[in-house]
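Residue numbers (UniProt numbering): 1 to 240.
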């Protein structure tokens, strides 16, 4: 089957498999999910344990393509969360978190802020202090690339979900010429991008660091480790 459904709850978590949720994740996987209650009960160690379990989060009204159903779960592809070489993010969500599509459903994410990189970065500032969440793409919690993806979605712009793909999709900006609203990208010795943040000023960024599960979104100067790993800057081409 390849039915197109829509997310019918405010935030639906996408899991690596139907078996991925732990007992302590029950509130997120319930028929009526309570994401706030779920996150309030997680310790930093519990949050680190989400690696390999949660993949991303889907927002209310977002379309998904259903490939198969099993025991109250659906394997879906999320086309509004692009992944290089795929039709979208793929994983498992609860069938109870989905609904039938309506004729009034939008074909693209609705815009709530101007499609301008300065406006998008300014929108991201409102989330300072929010605790990092692996796979997070909602105001309940973000990972680094989820913050970038979500804020551009609020401008009606669909950008890749993960930082390596975001780095490939931007127009490169030579380091030293970056401007507020651009993006910084970071890689280790293997060259793979592992982190992204909004440029606040040269050598300063707004980002979502994990920091052993207790990190919070913060606007801060690049420390020595970040500077050593800074490999690129870029900006999305918004047509103006």
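Ideal Cβ placement from N, Cα and C applies to all residues, glycine included.
First through last residue of the alpha helix (DSSP H) which encompasses residue i
{"i": "residue 46", "result": "44-48"}
{"i": "residue 172", "result": "Unbroken run through residue 172 is the beta strand (DSSP E), 171-173; no alpha helix (DSSP H)."}
{"i": "residue 118", "result": "117-124"}
{"i": "residue 149", "result": "144-153"}
{"i": "residue 111", "result": "That residue, residue 111, is in no alpha helix (DSSP H); it is neither H nor E in DSSP."}
Same chain, Cβ closer than 8 Å to residue i, neighbours up to 5 away in sequence not counted
{"i": "residue 92", "result": "14, 15, 16, 17, 18, 20, 73, 74, 75, 76"}
{"i": "residue 101", "result": "4, 5, 6, 63"}
{"i": "residue 128", "result": "206, 216, 217, 218, 219"}
{"i": "residue 212", "result": "44, 48"}
Straight-line gap, residue i to residue j (C-alpha atoms, nearest Å)
{"i": "residue 131", "j": "residue 9", "result": "22 Å"}
{"i": "residue 103", "j": "residue 39", "result": "34 Å"}
{"i": "residue 159", "j": "residue 224", "result": "29 Å"}
{"i": "residue 89", "j": "residue 170", "result": "19 Å"}
{"i": "residue 151", "j": "residue 125", "result": "10 Å"}
{"i": "residue 81", "j": "residue 145", "result": "11 Å"}
{"i": "residue 181", "j": "residue 149", "result": "13 Å"}
{"i": "residue 219", "j": "residue 66", "result": "38 Å"}
{"i": "residue 111", "j": "residue 197", "result": "21 Å"}
{"i": "residue 27", "j": "residue 214", "result": "20 Å"}
{"i": "residue 23", "j": "residue 87", "result": "31 Å"}
{"i": "residue 210", "j": "residue 50", "result": "12 Å"}
{"i": "residue 56", "j": "residue 231", "result": "25 Å"}
{"i": "residue 83", "j": "residue 115", "result": "21 Å"}
{"i": "residue 37", "j": "residue 138", "result": "15 Å"}
{"i": "residue 32", "j": "residue 195", "result": "32 Å"}
{"i": "residue 34", "j": "residue 236", "result": "34 Å"}
CB-CB length for residue i against residue j, believed under 8 Å
{"i": "residue 238", "j": "residue 117", "result": "7 Å"}
{"i": "residue 200", "j": "residue 229", "result": "Not a contact, Cβ separation roughly 18 Å."}
{"i": "residue 61", "j": "residue 105", "result": "6 Å"}
{"i": "residue 172", "j": "residue 85", "result": "Not quite, the Cβ-Cβ distance comes to about 21 Å (not below 8 Å), so this is no contact."}
{"i": "residue 122", "j": "residue 133", "result": "With a Cβ gap of about 22 Å, residue 122 and residue 133 do not count as contacting."}
{"i": "residue 276", "j": "residue 190", "result": "With the chain running from 1 to 240 in the structure shown, residue 276 is simply not present."}
{"i": "residue 58", "j": "residue 12", "result": "4 Å"}
Residue i, enclosing beta strand (DSSP E) - first and last residue
{"i": "residue 231", "result": "230-235"}
{"i": "residue 184", "result": "183-187"}
{"i": "residue 83", "result": "Run containing residue 83: none; DSSP gives neither H nor E here."}
{"i": "residue 194", "result": "193-201"}
{"i": "residue 91", "result": "89-94"}
{"i": "residue 6", "result": "3-7"}
{"i": "residue 134", "result": "Premise fails: residue 134 is in no beta strand (DSSP E) and is neither H nor E."}
Contacting residues, own chain, Cβ-Cβ under 6 Å from residue i (five flanking each side not counted)
{"i": "residue 193", "result": "163, 164, 167, 185, 187"}
{"i": "residue 99", "result": "6, 8"}
Beta-carbon proximity list for residue i, same chain, < 7 Å, skipping 5 on both sides
{"i": "residue 245", "result": "Residue 245 falls outside the range modelled here, since the chain spans only 1 to 240, and no answer is possible."}
{"i": "residue 52", "result": "16"}
{"i": "residue 143", "result": "132, 133, 134, 135, 136, 208"}
{"i": "residue 161", "result": "56, 81, 82, 83, 89, 145, 149"}
{"i": "residue 71", "result": "18"}
Check: residue i C-beta below 7 Å from any heavy atom of the ligand HEM
{"i": "residue 85", "result": "Inclusion of the ligand HEM in the displayed structure is not the case, the ligand content being empty and no account of it being possible."}
Checklist entry - Does the pairing of the segment 175-183 with the segment 95-104 give three or more beta-carbon distances under 8 Å? => result no
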